[in-house]
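Presented below is the structure to which this report refers.
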Amino acid sequence: MNDITFQSSPYREEAGEGALATLLRPNILALKPYSSARNEYSGKEARVFLDANENPYNSPYNRYPDPLQTELKAKLAIIKGVKPEQVFLGNGSDEAIDLAYRCFTRPGIDNVVAIEPTYGMYRVCADINDVEYRPVLLDEHFQMSADKLLEACDEKTKVIWICSPNNPTGNHIRQEEIIRVLQRFKGIVIIDEAYADFSRRPSFRHVLSHFPRLIVMQTFSKAWGCAAIRLGMAFASKDIIDIYNKVKYPYNVNLLTQQHALKVLDNMEEIDRWMSLVLAERAVVMRAVQTLPYCRQVYPTDANFFLARMDDAQRVYDYLVDQGIIVRNRTRVERCQNCLRITIGTKEENSTLIGALRRFPD
Ligand SMILES: *Cc1c(COP(=O)(O)O)cnc(C)c1O
83 MNDITFQSSP YREEAGEGAL ATLLRPNILA LKPYSSARNE YSGKEARVFL DANENPYNSP
143 YNRYPDPLQT ELKAKLAIIK GVKPEQVFLG NGSDEAIDLA YRCFTRPGID NVVAIEPTYG
203 MYRVCADIND VEYRPVLLDE HFQMSADKLL EACDEKTKVI WICSPNNPTG NHIRQEEIIR
263 VLQRFKGIVI IDEAYADFSR RPSFRHVLSH FPRLIVMQTF SKAWGCAAIR LGMAFASKDI
323 IDIYNKVKYP YNVNLLTQQH ALKVLDNMEE IDRWMSLVLA ERAVVMRAVQ TLPYCRQVYP
383 TDANFFLARM DDAQRVYDYL VDQGIIVRNR TRVERCQNCL RITIGTKEEN STLIGALRRF
443 PD
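Using this note's numbering, the first residue of the sequence shown is number 83, and each one after it goes up by one.
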């Protein structure tokens with residue numbers, strides 16, 4: 083694994099608590115958070131808990147869960163090579179995405195900048211929070227220009243969204259360009275690494291100590307096979323994590339999810355096995371799709387899916403639906419005209435797909 087390297091920049095000022103305060107919504111800066119029964123009492127020695135109006139029966143589900151997921155974060159921090167206080171856990175990455183808006187952007191005033199095309203939730207959450215969303219088109223290789231991104235920013239830009247490996251394009255965003263944004267932009271930079279485990283590129287969470295306004299997001303939903311339990315991760319400076327913890331719902335990650343996640347972390351070899359299978363199958367499926375006479379291009383990928391440009395994506399999509407096979411039609415997304423996004427499944431699912439595609443009446 084190669085490292086993330088960069089030269090210390092003379093432009094970069096140290097952003098401590100003071101700099102962060104100027105980026106926060108004023109009401110969030112002033113917020114006095116809800117203090118739950120479990121917050122106020124955190125010792126371990128007590129035997130009788132009569133402080134939270136819980137039912138004394140139906141153990142262990144009668145008790146409120148740990149609001150800060152202490153045990154889970156301790157284990158995760160070791161696996162991810164960060165400190166537990168640099169970890170936020172939420173109800174999917176979706177919660178961490180929404181929190182960025184609720185903490186840093188003033189509705190009707192501030193704006194955010196994002197690469198385009200990318201994951202749809204950044205825009206949906208901007209719309210829900212009444213925050214202007216400024217998409218900056220990627221080039222024809224789906225690469226980002228730091229300069230173009232920075233040109234789209236003004237003094238009201240609080241957040242820049244970068245997804246790498248990117249969804250729906252599958253490729254990673256060039257490291258030098260991301261570093262350039264990190265060194266130049268004075269606001270929050272969020273790098274969504276939902277697909278990082280499928281890529282050989284190093285995670286940006288390893289450079290968190292150099293960039294106090296960087297947030298790196300990952301998830302249990304993809305490589306770790308746990309989309310159903312809804313568990314997303316954000317890694318950042320302690321100052322940022324403290325703010326997220328102040329704003330989130332007190333018991334945002336339920337007990338069943340915390341328990342299952344702990345089991346997953348005890349079984350990381352299984353995830354490695356899944357990864358090898360998916361990456362081997364990815365090569366097989368991409369090669370097969372590339373040889374289809376009606377496929378114009380298969381794009382390189384660093385994720386568990388890839389983008390394929392067809393002569394007529396809509397016709398292929400409709401045909402596959404008829405065969406009971408669902409892929410993602412991205413033809414109406416800018417830069418993705420006639421593109422299908424295909425997720426890698428099991429060996430059997432993939433050969434079903436390839437068989438159907440070979441029989442397509444072109
Ligand atoms: C799938 C995906 C996620 C995961 O979201 P969860 O809410 O954690 O399931 C996050 N970001 C991107 C870009 C994704 O494609």
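Ideal Cβ positions, reconstructed from N, Cα and C, are used throughout, including at glycine.
How far does the alpha helix (DSSP H) with residue i in it reach, from first residue to last?
i: Gly437; result: Lys429 to Arg440
i: Trp356; result: Met350 to Gln372
i: Pro108; result: Pro108 to Leu111
i: Thr339; result: Leu337 to Leu347
i: Asp321; result: Lys320 to Val329
i: Ala159; result: Thr152 to Lys162
i: Thr426; result: For the sequence presented, residue 426 should be read as Ile rather than Thr. Unbroken run through Ile426: none, as it is neither H nor E.
i: Val213; result: Where Val213 is concerned, there is no enclosing alpha helix (DSSP H), given that its DSSP letter is neither H nor E.
Between which residues of its own chain and residue i is the CB-CB distance below 8 Å, once the five residues before and five after are set aside?
i: Val329; result: Ile110, Leu113, Pro115, Leu181, Arg184 and Cys185
i: Arg107; result: Arg184, Cys185, Phe186, Thr187 and Arg188
i: Ile242; result: Val194, Val195, Ala196, Leu231, Cys235, Val263, Phe267, Gly269, Ile270, Val271 and Ile272
i: Leu105; result: Phe186, Lys240, Gly269, Ile270 and Arg295
Kindly give me the distance between the Cβ atoms of residue i and residue j, rounded to whole angstroms, as I take these residues to be in contact under 8 Å.
i: Asn248; j: Thr200; result: 6 Å
i: His254; j: Asp384; result: 4 Å
i: Lys238; j: Asp192; result: 5 Å
i: Cys245; j: Ile197; result: 7 Å
i: Asn408; j: Thr434; result: A small fix is needed here, since residue 408 is Ile in this sequence, not Asn. Contact doesn't hold; Cβ gap of about 12 Å is too wide.
i: Leu344; j: Glu153; result: 7 Å
i: Ile436; j: Val367; result: 7 Å
i: Phe317; j: Lys162; result: 7 Å
Do you know whose CA, among the options, lies nearest residue i's CA?
i: Leu313; options: Asp236, Leu290, Asp212 and Thr301; result: Thr301
i: Ala178; options: Asp274, Cys235, Leu347 and Arg414; result: Asp274
i: Gln265; options: Arg283, Leu296 and Ala278; result: Leu296
i: Thr251; options: Cys418, Gly437 and Pro443; result: Cys418
i: Ala276; options: Phe293, Ser303 and Ser291; result: Ser303
i: Ala305; options: Asn327, Lys320 and Glu351; result: Glu351
i: Val213; options: Leu220, Arg120, Tyr204 and Leu219; result: Tyr204
i: Ser291; options: Lys345, Glu167 and Gln151; result: Glu167
i: Ser319; options: Lys162, Tyr331, Arg287 and Val335; result: Arg287
i: Asp321; options: Lys165, Pro149, Gly172 and Asn349; result: Lys165
i: Gly172; options: Asn432, Gln151, Arg364 and Glu122; result: Gln151
I'd like the list of long-range same chain contacts for residue i, defined as Cβ closer than 7 Å, with 5 residues on each side in sequence excluded.
i: Gln372; result: Val380
i: Thr339; result: Ile311, Arg312 and Leu313
i: Ala395; result: Asn411, Thr413, Asn420, Cys421 and Leu422
i: Val130; result: none
i: Val206; result: none
Out of curiosity, what's the CA-to-CA distance linking residue i and residue j?
i: Ala370; j: Tyr146; result: 51 Å
i: Asp229; j: Phe267; result: 11 Å
i: Gly427; j: Val360; result: 7 Å
i: Val403; j: Arg410; result: 10 Å
i: Ile260; j: Tyr333; result: 34 Å
i: Gln257; j: Leu337; result: 37 Å
i: Val194; j: Ile86; result: 25 Å
i: Ser285; j: Ile272; result: 13 Å
i: Glu430; j: Asp393; result: 26 Å
i: Arg391; j: Cys377; result: 6 Å
i: Ala362; j: Pro382; result: 14 Å
i: Ser358; j: Ala278; result: 14 Å
i: Ile424; j: Asp444; result: 19 Å
i: Val298; j: Arg441; result: 43 Å
i: Arg216; j: Ala438; result: 40 Å
i: Asp133; j: Gln225; result: 54 Å
i: Ile353; j: Gly307; result: 8 Å
i: Tyr401; j: Phe388; result: 19 Å
i: Pro92; j: Gly174; result: The predicted model places Pro92 with a pLDDT of 49, which falls under 50 and marks its position as unreliable, so this point remains unresolved.
i: Ala101; j: Glu233; result: 22 Å
i: Gln405; j: Tyr399; result: 10 Å
Quick one: what's got a C-beta closer than 6 Å to residue i's C-beta in the same chain, skipping five residues either side?
i: Asn386; result: Phe280, Val360 and Ile426
i: Tyr326; result: Phe170 and Leu181
i: His342; result: Ile311
i: Leu219; result: Glu198
i: Val289; result: Ile86
i: Phe88; result: Ile261
Specify, as a first and last residue, the run of the beta strand (DSSP E) that residue i falls within.
i: Met226; result: Looking at the DSSP string, Met226 is not in any beta strand (DSSP E), and its letter there is neither H nor E.
i: Glu259; result: No beta strand (DSSP E) holds Glu259; the alpha helix (DSSP H) holding it covers Gln257 to Arg266.
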